[in-house]
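One structure is given below, encoded as structure tokens.
In full-length UniProt numbering, the protein residues as written are 1 to 406.
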């Protein structure tokens with residue numbers, strides 16, 4: 001970065017690698033190229049010449065502590081002595097090419113706004129004598145002394161001083177930019193710490209969630225074991241229900257046989273009614289003798305006629321109810337088979353179905369107890385069949401609604 005590559009030299013009182021008084025101009029000519037002072041364009045210099053504080057023309061290369069031959073300081077001499085000292089300093093500070101080395105003014109201190117929170121500058125070195133060594137004997141001086149700087153050289157020196165001052169200002173801006181970057185870096189570090197803290201909290205939450213999930217997995221394994229046992233139990237219940245369905249099918253066949261027998265009993269009753277009618281005709285000759293009996297018999301005959309018509313209607317309805325019952329029983333058997341095939345057997349539904357079919361069988365068994373009175377038996381059979389048919393239809397409708405909901 002030109003003159004900004006060596007910031008400490010702008011605040012110090014001496015340069016690194018400066019020759020000692022014993023080296024003189026020879027030591028200055030033997031400086032490394034990087035530290036060799038130059039009066040060219042300061043924008044391309046790799047290192048800045050040493051800066052000094054105090055007297056703009058003080059010669060740090062010729063200052064030696066304890067030199068008894070050094071003249072008094074420029075601050076205590078007369079104007080004539082000061083001018084002579086400046087001229088001698090320029091001549092003695094030449095870089096070997098006959099060109100004088102510049103003596104720079106102290107750098108301008110950065111303003112408080114531009115400094116920000118920059119670290120304080122290094123302490124200044126103690127003030128040293130700015131006097132010049134006495135000229136060497138004539139035999140040692142030779143012809144190497146450079147003439148005093150001309151107007152062009154002084155102008156160029158002034159330009160170099162301005163360029164160096166601009167470099168100092170640029171360095172102040174550079175320090176300000178560095179400070180801003182430091183602040184941003186601190187803020188970024190703070191955000192990183194906060195993010196790290198949040199990440200640690202999330203990790204703790206994840207650990208808790210992982211522990212909870214492990215507990216849930218263990219619970220699921222336990223539930224799976226219980227479900228396996230429940231499935232085995234359901235298999236046993238399914239086999240028991242299949243046996244019950246088979247038993248109900250056998251009961252259905254028995255009921256069908258009973259219905260057939262009831263039909264035959266109905267025919268027998270019809271024959272008896274017909275016989276009673278014939279007997280009624282045979283008894284018409286005894287009406288005169290049995291007047292009171294005739295009235296009673298007439299009423300009985302009339303009642304029997306009405307009962308006959310009712311029985312005939314009931315027998316017709318009984319046949320229809322029989323067909324409906326057979327259809328309902330077939331549909332219920334199909335539903336049971338579907339439930340077994342799909343594996344969606346429901347304990348409550350199967351139990352209800354079993355109870356209803358057992359109730360139907362019990363009802364038919366009760367009907368046979370009325371065989372002693374055929375007329376009453378037919379009436380009761382018709383009523384029981386209607387009630388059983390209605391109940392089976394209601395149960396079938398509820399079963400289909402439950403399956404639709406599932």
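In this text, a Cβ means the ideal position worked out from N, Cα and C, and glycines have one as well.
- Message: Whole angstroms are fine: how far does the CA of residue 266 sit from the CA of residue 277?
- Response: Here residue 277 refers to the residue found at position 277 when the chain shown is read from its first residue. Here residue 266 refers to the residue found at position 266 when the chain shown is read from its first residue. Residue 277 and residue 266 have their C-alpha atoms spaced approximately 16 Å apart.
- Message: Taking the straight line between their C-alpha atoms, what separation do you get for residue 222 and residue 212?
- Response: Locating residue 222 in the chain shown gives position 222, where the first residue counts as 1. Locating residue 212 in the chain shown gives position 212, where the first residue counts as 1. Taking the straight line from one Cα to the other gives about 15 Å.
- DSSP three-state assignment for residue 246, whether helix, strand or coil: Residue 246 sits at position 246 when you count from the first residue of the chain shown. In the structure shown, residue 246 sits in a helix (DSSP, three-state: H, G or I).
- Of all the beta strand (DSSP E) runs that stay within the bounds of the region 141 to 228, which reach a length of 3 or more residues? None, since the region 141 to 228 contains no complete beta strand (DSSP E) of that length.
- 7 Å Cβ shell around residue 197 - same chain, five flanking residues per side excluded: Position 197 of the chain shown, counted from the first residue, corresponds to residue 197. By the criterion of a C-beta distance shorter than 7 Å, residue 197 is surrounded by no residue of its chain, once the five residues flanking it on both sides are discounted.
- Please state whether DSSP places residue 289 in a helix, a strand or coil. One-based indexing of the chain shown puts residue 289 at position 289. It is coil, neither helix nor strand.
- Task: Could you pull out every residue in the same chain whose Cβ sits closer than 7 Å to the Cβ of residue 201, ignoring the five residues on either side in sequence?
- Result: The residue you call residue 201 lines up with position 201 of the chain shown. Counting only Cβ-Cβ distances below 7 Å, and skipping sequence neighbours, we find nothing.
- Message: Quick check: what's the CA-CA separation for residue 332 versus residue 269?
- Response: On the chain shown, residue 332 is found 332 positions in, with the first residue counted as 1. On the chain shown, residue 269 is found 269 positions in, with the first residue counted as 1. So the alpha carbons of these two residues sit roughly 34 Å apart.
- Message: Please report the distance separating the alpha-carbon of residue 292 from that of residue 280.
- Response: Position 292 of the chain shown holds residue 292. Position 280 of the chain shown holds residue 280. Roughly 15 Å separates the two Cα atoms.
- Query: Would you call residue 252 buried or exposed, if buried means 16 or more other Cβ atoms sit within 10 Å of its Cβ?
  - Reply: The residue given as residue 252 occupies position 252 in the chain shown. The residue in question, residue 252, is buried, as its Cβ has 16 or more Cβ neighbours within 10 Å.
- Task: Starting from the Cα of residue 324, find the closest Cα among 305, 249, 386 and give me that residue.
- Result: In the chain shown, residue 324 corresponds to position 324, counting from 1. 386 is the residue among 305, 249, 386 whose C-alpha sits nearest the C-alpha of residue 324.
- For residue 226, collect the residues of the same chain with a Cβ closer than 6 Å to its Cβ; drop the 5 residues on either side in sequence, then sort them by chain order. If you number the chain shown from 1, residue 226 lands on position 226. Excluding five sequence positions before and after residue 226, none of the CB atoms of its chain fall closer than 6 Å to its own CB.
- Message: Using beta carbons (cut-off 8 Å, strictly below), is residue 164 in contact with chain B?
- Response: The structure shown has no chain B; it contains just one protein chain.
- Message: Using 8 Å as the threshold, is the C-beta distance between residue 273 and residue 304 below it?
- Response: Taking the first residue of the chain shown as 1, we reach residue 273 at position 273. Taking the first residue of the chain shown as 1, we reach residue 304 at position 304. In this structure, residue 304 lies closer than 8 Å to residue 273 by Cβ.
- Query: From this set, 309, 289, 316, 256, which residue's C-alpha is nearest residue 330's C-alpha?
  - Reply: Taking the first residue of the chain shown as 1, we reach residue 330 at position 330. Ranked by Cα distance from residue 330, the options 309, 289, 316, 256 are led by 256.
- Using the beta-carbon count (16 or more within 10 Å), is residue 220 buried or exposed? The residue labelled residue 220 in the question sits at position 220 within the chain shown. The C-beta of residue 220 has fewer than 16 other C-beta atoms within 10 Å across all chains shown, which makes the residue exposed.
- Query: From residue 240 to residue 246, what does the alpha carbon distance come to, in whole angstroms?
  - Reply: Locating residue 240 in the chain shown gives position 240, counting from the first residue. Locating residue 246 in the chain shown gives position 246, counting from the first residue. Spanning the two alpha carbons is a distance of roughly 10 Å.
- Proximal residues to residue 158 (C-beta, below 7 Å), its chain only, five neighbours per side dropped: For the purposes of this step, residue 158 is taken as the residue at position 158 of the chain shown. Excluding residues up to 5 positions away in sequence, nothing lies with its Cβ nearer than 7 Å to the Cβ of residue 158 in the same chain.
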